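Quick notes on the structure that follows.
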Amino acid sequence: MNKKISIATPISSMQQWAWQRGLSALLLALTPIWGQASALDATTARLIQQWLQSGQYQRALATIDEKLSKAPDDAELLLAKGVVLVELGKREEAKQIFLRLVNEHPGLPEPHNNLAVIYAAQGEYDKARATLEAAIKTHPSYATAFENLGDLYAKLASQSYAKALNLARAQKRDIQPKLRLLNQVIALATPTAVENGAGGAIGTVKSARASNAPAQDESATSATVKTTADTTAANARTAPGATNGVRHDIQAAVESWADAWSKRDIQRYLDHYAPDFATPGMSNREWINDRTQKIVSKKFIDVKISNISIRPIDAGTYQVRFVQRYRSDQLTATTRKTLVFANKNGRWLITSERSS
193 MNKKISIATP
203 ISSMQQWAWQ
213 RGLSALLLAL
223 TPIWGQASAL
233 DATTARLIQQ
243 WLQSGQYQRA
253 LATIDEKLSK
263 APDDAELLLA
273 KGVVLVELGK
283 REEAKQIFLR
293 LVNEHPGLPE
303 PHNNLAVIYA
313 AQGEYDKARA
323 TLEAAIKTHP
333 SYATAFENLG
343 DLYAKLASQS
353 YAKALNLARA
363 QKRDIQPKLR
373 LLNQVIALAT
383 PTAVENGAGG
393 AIGTVKSARA
403 SNAPAQDESA
413 TSATVKTTAD
423 TTAANARTAP
433 GATNGVRHDI
443 QAAVESWADA
453 WSKRDIQRYL
463 DHYAPDFATP
473 GMSNREWIND
483 RTQKIVSKKF
493 IDVKISNISI
503 RPIDAGTYQV
513 RFVQRYRSDQ
523 LTATTRKTLV
533 FANKNGRWLI
543 TSERSS
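Here the sequence shown is numbered in this note's numbering, starting from 193 and rising by one per residue.
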């Protein structure tokens, strides 16, 4: 069995290509295919890594091609060649290799992941999303695809928000997805337990205090929300100071948020939060990645909300409290949820969230 080799050092030209598109530094790793023998032995793999780090891309490509002449269908060699071609600026050739691997080895998540990175770099975000979801479907514990998908959803959600607010071009540069390109065919470990959190990540914009809310699950492959009109109409209460129009708009925002969450429409779900929403100990991007993983890992989600109470905090800010009944394939829980909504450019967005 080949010795596993991995490296987490960004490669200069790949990093430059990434930053030109707002992507993160790209990481390279070489490992055996599920522990099976490969034409790419450990010594050669180490040399290829060294050549890539030092910018000797043609030398790396020549070595890979020499190996491929004896083993033209070796998936690990083809995957490595695709990454080298990216380094050489031959991204269309790399794309064709990754497409071939996806067709010939549909069970491998890495070709899907790498293909998605190229799609994203070309601005084909829908294709990138579908390809990453395919990677996760083949291996639900494939963390890189989860992270990339979270970043991609962050891009899409932020892009939607930017259009709504007509933000400046300079602001958009900060919301580009940070996707990792790997030429790693990995022996996946046993999936780790997903953090429970039916109430969602508890957080606020700009460091609100955390509450001791019970942990709950948040991910879904399919879901339904049941917030019936008669229940919400009967239970919605508005404190003095909140006009009927404001109450209606905020309640509609709450119901839309719950519907998006239950349907696993992550882009629409994230679009209900303020752009700088974060939780204690997590940046906005980390929170988005966490939420994405929890939402897509469930087989189903069913959310019901009732007893909605809307109270003004100050001009343009309202507290919304309700009973949330959450059910998924991993958890059933009833909690008291508190959301704070602020009016930002005509939209009611969540700036704080906690469960009790």
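Don't be surprised by glycine CBs; every beta carbon is placed ideally from N, CA and C. This structure is a prediction, so every number in the text was calculated from the model and none was measured.
### Message
Contact defined as beta carbons within less than 8 angstroms: I believe I542 pairs with R439. What is the distance between those atoms, to the nearest angstrom?
### Response
Not quite, the Cβ-Cβ distance comes to about 16 angstroms (not below 8 angstroms), so this is no contact.
### Query
Which of helix, strand or coil does DSSP assign to A445?
helix
### Query
With DSSP run on the structure shown, which of helix, strand or coil describes E284?
Correct three-state label for E284: helix.
### Message
Is it buried or exposed, A507, if we count other Cβ atoms within 10 angstroms and call 16 or more buried?
### Response
exposed
### Task
Please report the residue range of the beta strand (DSSP E) in which T145 lies.
Any answer about residue 145 is impossible in this case: the structure gives the chain only from 193 up to 548.
### Query
Any idea if Q242 is buried or exposed, counting beta-carbon neighbours within 10 angstroms, 16 or more meaning buried?
exposed
### Task
Please check the pair Q511 and T530, which I expect to be a contact at CB under 8 angstroms, by giving their CB distance rounded to whole angstroms.
Confirmed, Cβ separation roughly 6 angstroms.
### Task
Can you tell me the Cβ-Cβ gap for L260 and L269, rounded? I've got them flagged as a contact below 8 angstroms.
5 angstroms
### Task
On the DSSP bridge assignment, give the partners of P504 in chain order.
Y510
#### Entry: Cα-Cα separation, A470 to V294
36 angstroms
### Task
Going by DSSP, name the residue or residues bridged to V532.
Q511 and S544
### Task
Under 6 angstroms Cβ to Cβ from T509, same chain only, skipping five residues before and after it: list those, please.
If we look at T509 and ignore the five residues flanking it on each side, its Cβ neighbours are A534.
### Query
Bridge partners of T527, per DSSP?
Q516
### Query
What are the boundary residues of the alpha helix (DSSP H) that includes Y465?
Boundaries for Y465: no alpha helix (DSSP H) harbours it, and the DSSP string shows neither H nor E there.
### Task
Assign R460 to one of three DSSP states: helix, strand, or coil.
helix
#### Entry: alpha helix (DSSP H) segment containing H304, residue limits
P301 to A313
### Message
Going by beta-carbon coordinates alone, are V276 and L253 separated by less than 8 angstroms?
### Response
yes
### Three-state secondary structure (DSSP) of S498
strand
### Query
What span of residues does the alpha helix (DSSP H) with G274 cover, start to end?
A267 to E279
### Interface flag, N436 vs chain C, CB-CB below 8 angstroms
The structure shown contains no chain C; it is built from a single protein chain.
### Message
Measuring straight from C-alpha to C-alpha, what distance separates D468 and Q250?
### Response
43 angstroms
#### Entry: For L253, the first and last residue of its enclosing alpha helix (DSSP H)
Y249 to L260
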